[in-house]
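For the sequence shown, the numbering used here assigns the number 11 to the initial residue and increments by one for each residue that follows.
Idealized CB from N, CA, C, for every residue including glycine.
Since we're looking at a predicted model, the values are computed, not measured.
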Amino acid sequence: MTVKKQLSIEFLGAAKTVTGSRILVKYNGYQFLIDCGLFQGPKQIRIKNWEDFIDADKIHSVILTHAHIDHSGYLPKFVKEGFRGKVFASAGTVDLCKILLTDSAHLQEEDAKYLNKKRATHFHPAKPLYTVEDAEQAISLLVPVSKDEWHELTEGISFRLLRSGHILGSTFVQLSYTTGNGQKIITFSGDIGHDRQNVIKGPVIIKESDVLILEGTYGDRVQSKVDAADELEPIIKSTLNRGGVVVIPAFAVGRAQEILFLISKLEREKRIPSVPVYLDSPMSINATDIYMKYRDELRLTFNGDHFDYPLCPQQFQAVRSVDESMLVTMQDGPFIVVSAAGMLTGGRILHHLRKRLPEAKNSVIFVGFQVEETKGRLLQQGLPKIRIHKQLIDVEAEIHSISSLSAHGDSNDIIDWVRRFNKKPSIIYLNHGEPAALNALKYRLETELGLKVEVPDQGGKYIIE
11 MTVKKQLSIE FLGAAKTVTG SRILVKYNGY QFLIDCGLFQ GPKQIRIKNW
61 EDFIDADKIH SVILTHAHID HSGYLPKFVK EGFRGKVFAS AGTVDLCKIL
111 LTDSAHLQEE DAKYLNKKRA THFHPAKPLY TVEDAEQAIS LLVPVSKDEW
161 HELTEGISFR LLRSGHILGS TFVQLSYTTG NGQKIITFSG DIGHDRQNVI
211 KGPVIIKESD VLILEGTYGD RVQSKVDAAD ELEPIIKSTL NRGGVVVIPA
261 FAVGRAQEIL FLISKLEREK RIPSVPVYLD SPMSINATDI YMKYRDELRL
311 TFNGDHFDYP LCPQQFQAVR SVDESMLVTM QDGPFIVVSA AGMLTGGRIL
361 HHLRKRLPEA KNSVIFVGFQ VEETKGRLLQ QGLPKIRIHK QLIDVEAEIH
411 SISSLSAHGD SNDIIDWVRR FNKKPSIIYL NHGEPAALNA LKYRLETELG
461 LKVEVPDQGG KYIIE
């Protein structure tokens, strides 16, 4: 008698939210994860990282779509719990994970030390979610694999990685597996980019997929198609002309590099004055070095060994040490500082905001998505005061948001990408989005493309024959 082979998927994170991406896949006794991300944002979301997860020692492998912490940052905790399998990813993702996971572990250790010092914890002593040693062990399990080629996981199922255009190294994950009804393909989008980024190339078009797991971060909106440089120019110019400081919170990987390029472009076209531009984030600095290593993934054009537009501005300064960072916070404008974390969940950006928010001559420019209830979202909503390091800070600085700089495709981008499939999926599962965004995208996919769509809950499990 022939055993009927089934594939099942279970949404263990990023279901009706945008962090903690984790999808459990089971096939004929083989179990693996697509992404192993950290929950980020307010405390009530972060606490999920401490909850019981699946039995780590029963998972055979992990496949990462990209390096962002909400997709990779739970790996060290997973290793701490007993996972010893391989972690497959593109070469660019592997290199970025080496710095992102180490940095995340440092932050976990520092947060625990701070809580113990201030005695601001219910647990004595407070312990980090994971340590640098855990991160190093997780990094040792990373296996770079070539894109566009099929790689066997176990008998009957293979995977391949295809460029998704979100950040350097980001990929769609396709599984090809044998069922009782022949060969089938299921695609996991991870985070989808678009063709408007200046630094990296856009997503490839997929010809066919029987089932599609699709992100919907911006499923309820259409981003501005205005050139990002045109949006940035008046804000930066007016702030610098009045002697102010432009503070740009930016994700260390992807957004920071895009911002540096745009500032460089504006300077060289004489559209803004040349001023010091500080990149105050060791992780962003290291990530920028990695971007230079993978020129084949970049959209930037070269003349010999040089970019047509240099990635970094004329008075660019990389700020590595804490002492150097504190000196920058003490300086008077005009200058520009790009720092992390992009959602103001921690990092050096908070020191810059504490110093610059109370002065009306300064500007803060958000260039990425801000999760609900984060400090970034609260500032966008016009909060007159905000708490930073337990101090209530007046918000007098101008607050701006540049929507055209998102590395996520918007509703139109996603619809157009799916529309170009030669063979449409029989069903789409939407994840990685707030409920309103996912429901809006569901409506468009159903009404415009005639597709069957589900929006899974956390823990939702589906059998795919």
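**Study point:** Span of the alpha helix (DSSP H), counted from its first residue to its last, around Val332
**Key:** Taking the sequence shown and counting its residues from 1, the one referred to as residue 332 is at position 322. Counting along the chain, the alpha helix (DSSP H) containing Val332 begins and ends at 332–340.
- Tell me whether Gly378 is buried or exposed, calling it buried when 16 or more other Cβ atoms sit within 10 Å of its Cβ. As a position in the sequence shown, residue 378 is number 368, starting the count at 1. The residue is buried, with at least 16 neighbouring Cβ atoms inside 10 Å.
Measuring only the C-alpha atoms, how far is Leu354 from Gly179? As a working note, residue 354 is residue 344 in the sequence shown. As a working note, residue 179 is residue 169 in the sequence shown. Leu354 and Gly179: Cα-Cα distance of roughly 24 Å.
Please determine, among Lys385, Ile409, Ala407, the residue with the shortest C-alpha to C-alpha distance to Gly398. The sequence position of residue 398 within the sequence shown is 388, counting from 1. Here residue 398 is Ile; the residue named in the question, Gly, does not match the sequence. Checking every option, the nearest Cα to that of Ile398 belongs to Lys385.
- Query: Any idea what DSSP makes of Gln184, helix, strand or coil?
  - Reply: Translated into the one-based positions of the sequence shown, residue 184 becomes position 174. In the structure shown, Gln184 sits in a strand (DSSP, three-state: E or B).
- prompt: With a CB to CB cut of under 6 Å and the five nearest residues on each side skipped, what residues in its chain are close to Leu22?
  reply: Here residue 22 refers to the residue found at position 12 when the sequence shown is read from its first residue. Taken in chain order, the residues that qualify are Arg32, Leu34.
Report task. Check each candidate in Ile79, Asp144, Ser82 and name the one with the smallest Cα separation from Lys90. Result -> Here residue 90 refers to the residue found at position 80 when the sequence shown is read from its first residue. Looking at the Cα atoms, Asp144 is the closest of the given residues.
What whole-angstrom Cβ distance do Val209 and Phe271 have, given they're in contact under 8 Å? Residue 209 sits at position 199 when you count from the first residue of the sequence shown. Residue 271 sits at position 261 when you count from the first residue of the sequence shown. Sure, about 6 Å apart at Cβ, within 8 Å.
* Throw me the rounded Cβ distance for the Pro259 and Ile109 pair, which I believe falls under 8 Å. => Start at 1 with the first residue of the sequence shown, and residue 259 comes out as number 249. Start at 1 with the first residue of the sequence shown, and residue 109 comes out as number 99. Their Cβ separation, rounded to whole angstroms, is 19 Å, which puts Pro259 and Ile109 out of contact at 8 Å.
Answer with buried or exposed for Leu337, where buried requires no fewer than 16 other C-beta atoms within 10 angstroms of its C-beta. Here residue 337 refers to the residue found at position 327 of the sequence shown. Its Cβ having fewer than 16 others within 10 Å, Leu337 is exposed.
Discussion item. With H, G and I counted as helix, E and B as strand and the rest as coil, what does DSSP make of Pro86?
Written reply: The residue you call residue 86 lines up with position 76 of the sequence shown. In this structure, Pro86 counts as helix in the three-state DSSP scheme.
Can you give the Cα-Cα distance for Ser477 and Pro286, rounded to whole angstroms?
Lying outside 11 to 475, the shown extent of the chain, residue 477 is not represented and no answer is given.
- Task: May I have the straight-line CA-CA distance separating His316 from Met302, to the nearest angstrom?
- Result: Locating residue 316 in the sequence shown gives position 306, counting from the first residue. Locating residue 302 in the sequence shown gives position 292, counting from the first residue. Only weak support exists for where His316 lies, its pLDDT of 49 falling under 50; the value from the coordinates is given anyway. His316 and Met302: Cα-Cα distance of roughly 11 Å.
With a 10 Å radius around its C-beta and 16 neighbouring C-beta atoms as the bar for buried, classify Ala482 as buried or exposed.
Residue 482 lies beyond the stretch modelled for the chain, which goes from 11 to 475, so this question has no answer here.
task = Helix, strand or coil for His316, going by three-state DSSP, please let me know.
result = Along the sequence shown, read from residue 1 onward, the residue named residue 316 stands at position 306. Note on His316: pLDDT 49, under 50, position unreliable in the model; the coordinate value appears next. Of the three classes helix, strand and coil, the one that applies to His316 here is strand, per DSSP.
task: Have a look at Arg330 and Asn441 and give me their C-alpha separation to the nearest angstrom.
output: Numbered from its first residue, the sequence shown carries residue 330 at position 320. Numbered from its first residue, the sequence shown carries residue 441 at position 431. About 36 Å.
Suppose the cutoff is 7 Å on Cβ atoms and the five residues either side in sequence are ignored; what does the same chain contact list for Lys68 look like?
Against the sequence shown, residue 68 aligns to sequence position 58. For Lys68, where only same-chain residues beyond five positions count, the Cβ hits under 7 Å are Gln41.
Practice task
Enumerate in chain order the residues of its own chain whose CB-to-CB distance from Val72 is below 6 Å, with the five nearest sequence positions on each side excluded.
Solution key: On the sequence shown, residue 72 is found 62 positions in, with the first residue counted as 1. Result list for Val72: Leu43, Cys46, Val97, in chain order.
Notebook entry, point to check: Does the stretch 206–222 come within contact of the stretch 50–70, defined as at least 3 CB pairs closer than 8 Å?
Noted result: Not touching, per the Cβ criterion.
Practice item. Give me the Cα-Cα distance between Asn449 and Val465, rounded to the nearest whole angstrom. Key: Position 439 of the sequence shown holds residue 449. Position 455 of the sequence shown holds residue 465. Between Asn449 and Val465, the C-alpha separation is close to 8 Å.
Measuring straight from C-alpha to C-alpha, what distance separates Ile57 and Ala24? Within the sequence shown, residue 57 is the residue found at index 47, counting from 1. Within the sequence shown, residue 24 is the residue found at index 14, counting from 1. Counting only the Cα atoms, Ala24 lies some 14 Å from Ile57.
Measure the alpha-carbon distance for Glu475 versus Ile196 and round it to whole angstroms. As a working note, residue 475 is residue 465 in the sequence shown. As a working note, residue 196 is residue 186 in the sequence shown. Taking the straight line joining both Cα atoms gives about 11 Å.
Practice prompt. Would you kindly check if the distance between the Cβ of Ser291 and the Cβ of Ala350 is under 7 Å?
Written response: As a position in the sequence shown, residue 350 is number 340, starting the count at 1. As a position in the sequence shown, residue 291 is number 281, starting the count at 1. A contact, by the Cβ cut-off of 7 Å.
Alpha-carbon to alpha-carbon, Leu276 and Ile295:
Along the sequence shown, one-based indexing puts residue 295 at 285. Along the sequence shown, one-based indexing puts residue 276 at 266. Straight-line Cα distance between these residues: approximately 21 Å.
Beta-carbon separation of His204 and Gly419 under 7 Å? Looking up residue 204 in the sequence shown gives position 194. Looking up residue 419 in the sequence shown gives position 409. Between His204 and Gly419, the gap from beta carbon to beta carbon is short of 7 Å.
- Query: Should Asp293 go down as buried or exposed, given a rule of 16 or more other Cβ atoms within 10 Å for buried?
  - Reply: Translated into the one-based positions of the sequence shown, residue 293 becomes position 283. Note on identity: in this sequence residue 293 is Met, with Asp being the wrong assignment. Buried is the call here.
Own chain, CB closer than 6 Å to Asn126, minus 5 neighbours either side, in chain order:
Position 116 of the sequence shown, counted from the start, is the residue given in the question as residue 126. So the list reads Pro135, Ala136, once near-sequence residues are dropped.
Would you kindly report the start and end of the unbroken beta strand (DSSP E) that includes Leu27?
Against the sequence shown, residue 27 aligns to sequence position 17. Here the sequence assigns Thr to residue 27, which means Leu is not the residue at that position. Neither: Thr27 is in no beta strand (DSSP E) and is coded neither H nor E.
- request: For Phe271, name the three-state secondary structure that DSSP assigns.
  value: Against the sequence shown, residue 271 aligns to sequence position 261. Of the three classes helix, strand and coil, the one that applies to Phe271 here is helix, per DSSP.
Looking at Ser414: is its Cβ nearer than 7 Å to the Cβ of Val257? Against the sequence shown, residue 414 aligns to sequence position 404. Against the sequence shown, residue 257 aligns to sequence position 247. Cβ distance not < 7 Å, so Ser414 and Val257 don't count as in contact.
- Task: Could you please give me the residues that DSSP links to Cys46 through a beta bridge?
- Result: The count along the sequence shown starts at 1 and reaches residue 46 at position 36. In DSSP, Cys46 forms a bridge with Arg32.
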